[in-house]
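First comes the structure, then the notes that go with it.
Protein chains in written order, with the numbering used here: chain L, 490 to 809; chain P, 490 to 809.
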């Protein structure tokens, strides 16, 4: 698999970041440390650090500086996952018990706060005020997005535009900022970091749409949760929105609520899968991906371009 | 009352900050905005902004710069209140319904996150990296402190040292940093901002001890909650710790739990009030206050010294 090969060329620096992530969540509160470590051990693709490192290649790649941005972005992401698991009442994440499940919601709230605070500490090693401004703005947007996501639950009359704005805040922004801040920390000029921001934004949009497609098309085993779970919890994603453009389908979909059972959900999933909505969603995801690849062409020759392209292609093809 | 007079000399700048606080919590999520505004309207002493403004007087007092620090510190404080209300399952704060009460815990969690993110946005207008480093470190400590406070609940074997470390993180640190960052934003030299940090730290310790005394000595009307509520909820404060130095009293106090009724609590409060624990607590609070006033003497002549002294004296005498 291509992504693995990409990771192997960065193995040393990524291992360093993985080690530092462990340090980051250390504290003299055993309880807090155990909670944070549990989350850390659950792993993840560390996609944000990868984007930070690759983007920094377009400037001066000094790992001792760059690592602070990579750590900050991954920690912010982790903190948001902890709080999201509270909202979603999730018992597991990546097959491991969540903090709210092992302890309780309140413990999870403070653990998220703590991890977030730690991320700020790493960021203070970056002197360029532009980086701080851009990050703070993005975090505010992410928070607003989380709130809007609650408000939008089971709002079947929402538009595709609502959906796109939501996934921008939920996913694309932090990936865009990972690329941008990696470049800024590498002291690239503005034209380059602006393009990398856009690259990250398009990649993030494509990534989230694919994620939302997989919620309908992947198996329960691949997902680690039943298919269609997003919809059953009121999170109305692109395939559902496309399917609802057909009135007969809309009539069925708007009946879904948290009490909808597995059998009924499977019927709904079957309808959505055979409505053309999945293909249309793939098309939009592909369009964002093409935009990302196009931006990449505009960037100067650099050894990071090939791996960035590989990530883009991986996202286009990923199955879970 | 002296404090009111002090505030009146800063009225213009404090009004500006109050207005900006309203802007700060604006967002295109009505729900989020309403929640944040509800908290804002509940008011508060705005003690952190006052310390920021006064400390900045020791350097170049430029309100357009300084206000960012004042806003950031007050917003961080507000965010922590929102999350604390979730932990404490509080229904009201300053006589108004809490966010977790009006909406729910999850709404309160995200509102706290949002307000915190906004505070960062204001801080990015401060260019001195030292300010950011000091603030980030303090926030991490505050988060650890919140977690430790949960762990220490009903831990009747804790020491006075444990208590002092806890109130440092809970209260004194952010007040110390308010003074320090106000001075740093005013570009004072290091000797001055270090002293102001210490001043704030001592004031904060004294303030919190007084708060913890009042929980036993003030009336239900003054407190807005029954007396002894801290202890009943397992938050073991200085008067209780001093009282427990008497074995017969300890035997009574360790029986307290969340089911202890009002009558039983009043008996316990009576015992504590007549054990000498209140006087001993006042003595320690006074010692911190004297240290604060002593530091003030060491600071250069400045029109901010008198109001800082007045705040210190107010804290020494306040009754609720």
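Cβ coordinates follow ideal geometry from the N, Cα and C atoms, glycine included.
Chain-order list of chain L residues neighbouring residue 575 of chain P: 595 and 598, by C-beta distance under 7 Å. Per DSSP, the unbroken alpha helix (DSSP H) holding residue 697 of chain P starts and ends at 679-706.
Between residue 695 of chain P and residue 727 of chain P, the C-beta spacing is not below 8 Å. Under a criterion of Cβ atoms nearer than 7 Å, the residues of chain P adjacent to residue 607 of chain L are, in order, 629. Residue-level contact check: residue 636 of chain L touches chain P, since one or more beta carbons of chain P fall below 8 Å from its beta carbon.
Of the candidates P:505, P:542 and P:704, P:542 places its Cα closest to the Cα of residue 674 of chain P. Residue 515 of chain L does not reach chain P, its nearest Cβ partner there being about 11 Å away, counting only Cβ pairs nearer than 9 Å.
If you look at residue 763 of chain L, you'll find it isn't in any alpha helix (DSSP H); DSSP assigns it neither H nor E. Contact between the stretch 688-707 of chain P and the stretch 774-793 of chain P is present: 3 or more CB-CB pairs across the two stretches fall below 8 Å. Within 7 Å of the CB of residue 748 of chain L, no CB atom of chain P is found; the nearest one sits about 20 Å away.
No Cβ of chain P is located within less than 8 Å of the beta carbon of residue 669 of chain L. The three-state reading of DSSP puts residue 585 of chain L in strand, counting E and B together. Look at residue 553 of chain P here: in three-state DSSP terms it is helix. Shown here is that no member of the stretch 542-567 of chain L has a Cβ falling below 8 Å from a Cβ of chain P.
Inter-segment contact for the stretch 566-584 of chain P and the stretch 548-567 of chain L is absent: fewer than three beta-carbon pairs are separated by less than 8 Å.
In the three-state DSSP reduction, residue 726 of chain P falls in the coil class, being neither helix nor strand. Counted as a single uninterrupted DSSP element, the alpha helix (DSSP H) harbouring residue 655 of chain L occupies residues 649-656. For residue 514 of chain L, no alpha helix (DSSP H) segment is defined, and its DSSP state is neither H nor E. Taken atom to atom, the span from the alpha-carbon of residue 563 of chain L to that of residue 800 of chain P is near 42 Å. Among the CB atoms of chain P, one or more fall inside 8 Å of the CB of residue 625 of chain L. The beta carbon of residue 526 of chain L sits closer than 8 Å to the beta carbons of 511 and 514 from its chain, once the five residues preceding and following it are set aside; these are given in chain order. Residue 646 of chain P carries a coil assignment under DSSP once its states are collapsed to helix, strand and coil. If the five residues before and after residue 555 of chain P are omitted, its C-beta is found closer than 6 Å to the C-beta atoms of 545 and 674, all from its own chain and listed in chain order. At least one beta carbon of chain P lies nearer than 8 Å to the beta carbon of residue 603 of chain L. Residue 618 of chain L has a beta carbon lying within less than 8 Å of a beta carbon in chain P. Residues of chain P whose Cβ lies closer than 7 Å to the Cβ of residue 622 of chain L are, in chain order, 613. The alpha-carbon separation between residue 720 of chain P and residue 729 of chain P amounts to approximately 8 Å.
Contacts between residue 572 of chain P and chain L, judged by CB atoms closer than 8 Å, involve 598, 599 and 602 in chain order. Burial check for residue 635 of chain L: the Cβ neighbour count within 10 Å reaches 16 or more, so the residue is buried. When 9 Å is used as the limit between beta carbons, residue 610 of chain P is near these residues of chain L: 622, 625, 626, 628 and 629, in chain order. DSSP places residue 600 of chain L within a helical segment (H, G or I) once states are collapsed to three.
In this structure, the CA atom of residue 498 of chain L is about 28 Å from the CA atom of residue 604 of chain L.
Taking every protein chain shown into account, the CB of residue 528 of chain L has 16 or more other CB atoms within 10 angstroms, so this residue is buried. Taking C-beta separations shorter than 7 Å and ignoring five residues to either side along the sequence, the partners of residue 522 of chain L in its chain run 514, 515 and 516, following chain order.
The stretch 659-668 of chain P makes contact with the stretch 613-631 of chain P: 3 or more CB pairs, one atom from each, lie closer than 8 Å. Nearest to residue 638 of chain P by alpha-carbon distance, out of P:650, P:655, P:624 and P:623, is P:655.
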